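For what it's worth, UniProt numbering labels the leading residue of the sequence shown as 1, then goes sequentially. Note that the Cβ used here is the ideal one computed from N, Cα and C, for glycine as well. None of these values were measured; they are calculated from a predicted model. Only one structure is covered here, and it is reproduced in the block below.
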Amino acid sequence: MNLEAPYSATRKRSFPKKGSKGSRTIEIANFSDRVREKLIEIAITPWIERELAPVQFGFRQGRGQQDAIAYLRLLLSGHGPKWVVDADISKFFDKILHSGVLDSLRALNPPKELINYISSWLNQRDKLGKKSGRGLPQGSPLSPVLANLAICKLPQHLSLGKGEQVIIYADDLVCLTKSQDRAERIYLNIDTHLQTLGLTLSKEKSSIRHTMDQVNGHKPGFHFLGVRFWHGLTNKDGTTKPYALAMPSKENVNALKQELKEIVKQTTVCKKYKDSKNLQRPFERMIKKLNAKLRGFGNYYRHTNAKRTFGKIDSYMHDTLLRKAFKVFKGQPRARIVRRYFSGVSRDKQGNPLKKQNGEERKRKWIFQDPLHKGAGHPLTVIKLADIRVGTHTMVKHERSYFDGDWIYWNTRGSGRYRGTPQGINATAIRRQQGKCPLCKKPLIQKETELTQHLGQDGKEQVIHIQCLSHIEPQSGV
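Written as C-alpha cells, this is what we have:
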C-alpha cells in the first residue's frame, strides 16, 4: 500500500450533540484512506504513549471511562469537600492548531517517515476541508491520538500543588483543589495554555463549583462522563462527616426512560401475530431491545452508587409494561393479565434461573414475559437492573502503559488478549485466575518457559508454574 498517495474527499455527516443544541460533524473517509490512517496510528501510538500523562483516560488502550470515574471517586473519598474546576474545551477537534500537534510530535523524535506521513495527511485534509491549518477530522482513527498528544502538557503547565489533581478525558477535564481563589487561578491557567493550541474553554459548559455548597446558582457537585459527583453528610457516632457520592446523572436517566418508553410505544400487536409461527413476534423484539438498553445502562453505572436509581428505573419499566399489557389485551380480566404475563422467571443469558447469593432460586413476582411465546424453550423476560451487582471498579495502575509488555497484567485487566501474549498461553485462564498460580497462589512469572497449561478439577484450563505441576503430578496422576 502506498502511504504517500493523495487522499480522497470525505463524506460529512452531522449528528445532534447530546445535551446541547449544536451538532457534531463526522468526516467519513473511504476504505483505503481509513486503512492508511489506521496503519499510521498503530505505528505512532507507542511513541505518543510514552509522553501522555497518567491522568489522561480518553482514547487510550488499557484506559477508559470506568478508570476515570474510579480515580475521581478515589480522590473525593476520605478527603472532604473540594472546589472543582469543571472545564469543557470548545470545538476541540475543529479548532486545534496543526502547528502545535506537529511540534509536539517532533519532540518525541519518532522516525522521520511517520512525521512526513502525518504532516502530509494534515495538509491534504486541510486543503480538502479548507480549514486553514486547524482541526482534526472527527471519524479518523488518527485524530484522537494526535489530540491527546496536543494537550498532554496541560497538567505540567498548571503546576498543581499538594492535594490538587486534574483528570482529562478528551475535551472534558476536572481539576480538584481546596480553595476558591486557587480554583479561579487554575481556570485562568487552563484557558491560557489552551490559547497556545488555538483552543478556548466553553463559557456555557465550564464553571467553578463546590462538592457540598452552591456556587453562583449551581447545585452542589458536578457532572463528569455522565456521573454526578458530590459530597453528602452522614451522622455516625454522634459526629457529622462528609462522604463522597457518585450517581447517574438525571439527564441520562431521563434519556433512558424516554428511549424505553418509545420502544414500548412503537410495539404494535395485530391478531395475526397471535397465531403466527414467526419467531420474531412483536413482544419478543420489544423485550430484546429493552434488555439491550437496560444492560448497557446497568453495566456502565454498576461501579457507582446506582442501586436506588436502578430500583426506580425497574419501577418505571413495570408501570410502563403494565399499562401496555392492559391496552393490548384490554378484553381480558386484569387479574388474568397479571397472572399470565407478569409471572416470568428472571434468567441469565444462558437461560438459567437467577439465584440469590446464598444459592437459593429467586422467587420474584411481576416479571414481564413474552405473552405470545409458543413452543419449546423459556419465554423471554425483561431483565431487572436491581439484579446487576453494584461494586467497585478495579482501576488501572497509574504507572502502567499498555505498551510496557507486561502481558500477565494486561490479560488480567480483561480487555481481550494482549498483543504480546506468547503463543500457547491461555489469556482467558490468566484473567480468570487474576494473574496468580491457582496452586501456589503466587503471581505468575512472566516467562513462557516457566509456565505450562493444566486442567483443573473443574475441567477448565489453568496456567500454572512448571515447578508447581511437578509437585502435584505424583499425587494427582496428571
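Tell me whether L105 is buried or exposed, calling it buried when 16 or more other Cβ atoms sit within 10 Å of its Cβ. If you number the sequence shown from 1, residue 105 lands on position 105. By the neighbour-count rule (16 or more Cβ atoms within 10 Å), L105 is buried.
Measuring straight from C-alpha to C-alpha, what distance separates T381 and G226? Here the question's residue 381 lines up with position 381 in the sequence shown. Here the question's residue 226 lines up with position 226 in the sequence shown. Rounded to whole angstroms, T381 to G226 spans 28 Å at the Cα level.
What are the start and end residues of the beta strand (DSSP E) that includes H465? Locating residue 465 in the sequence shown gives position 465, where the first residue counts as 1. It spans 461 to 465 - the beta strand (DSSP E) in which H465 sits, taken as one unbroken run.
Among residues of its own chain, excluding the 5 on either side of T196, which ones have a beta-carbon nearer than 8 Å to its beta-carbon? Here residue 196 refers to the residue found at position 196 of the sequence shown. Same-chain partners within the cutoff: G100.
In three-state DSSP terms, what is D172? For the purposes of this step, residue 172 is identified with residue 172 of the sequence shown, where counting begins at 1. In the structure shown, D172 sits in a strand (DSSP, three-state: E or B).
Could you spell out the range, first to last residue, of the alpha helix (DSSP H) harbouring E448? In the sequence shown, residue 448 corresponds to position 448, counting from 1. Unbroken run through E448: none, as it is neither H nor E.
Return yes when the Cβ of P137 is within less than 8 Å of the Cβ of T10, no when it is not. For the purposes of this step, residue 10 is identified with residue 10 of the sequence shown, where counting begins at 1. For the purposes of this step, residue 137 is identified with residue 137 of the sequence shown, where counting begins at 1. A contact, by the Cβ cut-off of 8 Å.
Alpha carbon to alpha carbon, how far is I96 from V166? Position 96 of the sequence shown, counted from the start, is the residue given in the question as residue 96. Position 166 of the sequence shown, counted from the start, is the residue given in the question as residue 166. Near 21 Å, if we compare the C-alpha coordinates of V166 and I96.
What's the gap between the Cα of S276 and the Cα of D319? The sequence position of residue 276 within the sequence shown is 276, counting from 1. The sequence position of residue 319 within the sequence shown is 319, counting from 1. Unreliable positioning characterises S276 in this predicted model, as indicated by a pLDDT of 46, which lies under 50. The coordinate reading is nonetheless provided below. Using only the alpha carbons, I get a separation of about 28 Å.
In whole angstroms, give me the CA-to-CA distance for L322 and Q266. Translated into the one-based positions of the sequence shown, residue 322 becomes position 322. Translated into the one-based positions of the sequence shown, residue 266 becomes position 266. So the alpha carbons of these two residues sit roughly 15 Å apart.
Three-state secondary structure (DSSP) of A87: By 1-based counting over the sequence shown, the position of residue 87 is 87. Looking at A87 - three-state DSSP - the assignment turns out to be strand.
Pairing CB atoms from the region 63 to 73 with CB atoms from the region 149 to 163, are three or more of them under 8 Å? no
Please specify which runs of the beta strand (DSSP E), each continuous and at least 3 residues long, are wholly inside the region 17 to 96, giving them in chain order. 23 to 28, 83 to 90
Quick check: the Cα distance between Q467 and Q433, rounded to an integer number of angstroms? Taking the first residue of the sequence shown as 1, we reach residue 467 at position 467. Taking the first residue of the sequence shown as 1, we reach residue 433 at position 433. C-alpha separation (whole angstroms): 18 Å.
Tell whether a beta-carbon distance below 8 Å holds between G198 and R134. Working through the sequence shown from its first residue, we reach residue 198 at position 198. Working through the sequence shown from its first residue, we reach residue 134 at position 134. Contact: yes.
Are the CB atoms of P81 and T211 within a distance shorter than 8 Å? Indexing the sequence shown from 1 puts residue 211 at position 211. Indexing the sequence shown from 1 puts residue 81 at position 81. Contact: yes.
Grouping DSSP H, G and I as helix and E and B as strand, with all else coil, what is L136? Your numbering for residue 136 matches position 136 in the sequence shown. L136: coil per DSSP, three-state reduction.
DSSP three-state assignment for I441, whether helix, strand or coil: As a working note, residue 441 is residue 441 in the sequence shown. According to the sequence as given, residue 441 is Lys; it is not Ile. In this structure, K441 counts as coil in the three-state DSSP scheme.
Near P282, what residues of its chain come up, given a Cβ to Cβ distance below 8 Å and the 5 sequence neighbours on each side ignored? Locating residue 282 in the sequence shown gives position 282, where the first residue counts as 1. If we look at P282 and ignore the five residues flanking it on each side, its Cβ neighbours are T267, T268, V269, Y273, L372.
When the Cα of K365 is compared with those of Y341, D181, Y418, L385, which residue comes out closest? For the purposes of this step, residue 365 is identified with residue 365 of the sequence shown, where counting begins at 1. Residue Y341 is the option with its Cα nearest to K365.
What is the residue span of the alpha helix (DSSP H) that L146 lies within? Position 146 of the sequence shown, counted from the start, is the residue given in the question as residue 146. Per DSSP, L146 belongs to the alpha helix (DSSP H) from 143 to 150.
With the cut-off set at 8 Å, would you say R389 and R295 are in Cβ contact? The count along the sequence shown starts at 1 and reaches residue 389 at position 389. The count along the sequence shown starts at 1 and reaches residue 295 at position 295. For R389 and R295, no; Cβs fall outside 8 Å.
Name the DSSP bridge partner or partners of S14? Translated into positions along the sequence shown, residue 14 becomes position 14. Beta-bridge pairing links S14 to T25.
Helix, strand or coil for W230, going by three-state DSSP, please let me know. Working through the sequence shown from its first residue, we reach residue 230 at position 230. Here W230 sits in strand by DSSP.
Just the Cα atoms here: how many angstroms apart are E259 and E113? Your numbering for residue 259 matches position 259 in the sequence shown. Your numbering for residue 113 matches position 113 in the sequence shown. Their backbone Cα atoms lie some 48 Å apart in a straight line.
Residue from N2, L52, R24 with nearest C-alpha to I40: The residue labelled residue 40 in the question sits at position 40 within the sequence shown. Minimum Cα distance to I40 is reached at N2.
Buried or exposed, going by whether 16 or more other CB atoms sit within 10 Å of the CB of N254? By 1-based counting over the sequence shown, the position of residue 254 is 254. It is exposed - the Cβ of N254 has fewer than 16 other Cβ atoms within 10 Å.
Segment contact, 8 Å Cβ cut-off, at least three pairs: the region 69 to 84 with the region 14 to 30: no
Touching or not, the region 395 to 413 and the region 424 to 433, by the rule of three or more beta carbon pairs under 8 Å? yes
Take I313 and list the residues in its own chain whose beta-carbon comes closer than 6 Å to its own, dropping the five residues that flank it on each side. Position 313 of the sequence shown, counted from the first residue, corresponds to residue 313. Once the five neighbours on either side are set aside, the close Cβ partners of I313 are L385.
Have a look at K379 and A325 and give me their C-alpha separation to the nearest angstrom. Here residue 379 refers to the residue found at position 379 when the sequence shown is read from its first residue. Here residue 325 refers to the residue found at position 325 when the sequence shown is read from its first residue. Here residue 379 is Pro; the residue named in the question, Lys, does not match the sequence. So the two alpha carbons sit approximately 16 Å from each other.
Name the one or two DSSP bridge partners that M247 has. Stepping through the sequence shown from its first residue, residue 247 is reached at position 247. R228.
First through last residue of the beta strand (DSSP E) which encompasses H210: Here residue 210 is taken as the residue at index 210 of the sequence shown, counted from 1. Note, H210: beta strand (DSSP E), 207 to 210.
Are the Cβ atoms of P438 and G459 separated by less than 8 Å? Numbered from its first residue, the sequence shown carries residue 438 at position 438. Numbered from its first residue, the sequence shown carries residue 459 at position 459. Not closer than 8 Å, so no.
Is the beta carbon of D88 sitting closer than 8 Å to the one on D172? For the purposes of this step, residue 88 is identified with residue 88 of the sequence shown, where counting begins at 1. For the purposes of this step, residue 172 is identified with residue 172 of the sequence shown, where counting begins at 1. Their beta carbons are under 8 Å apart, which means D88 touches D172 by this criterion.
Quick test of your reading: G58 and Y169, contact by CB under 8 Å. State the CB separation rounded to the nearest angstrom. The residue given as residue 58 occupies position 58 in the sequence shown. The residue given as residue 169 occupies position 169 in the sequence shown. G58 to Y169, Cβ: 4 Å. Contact.
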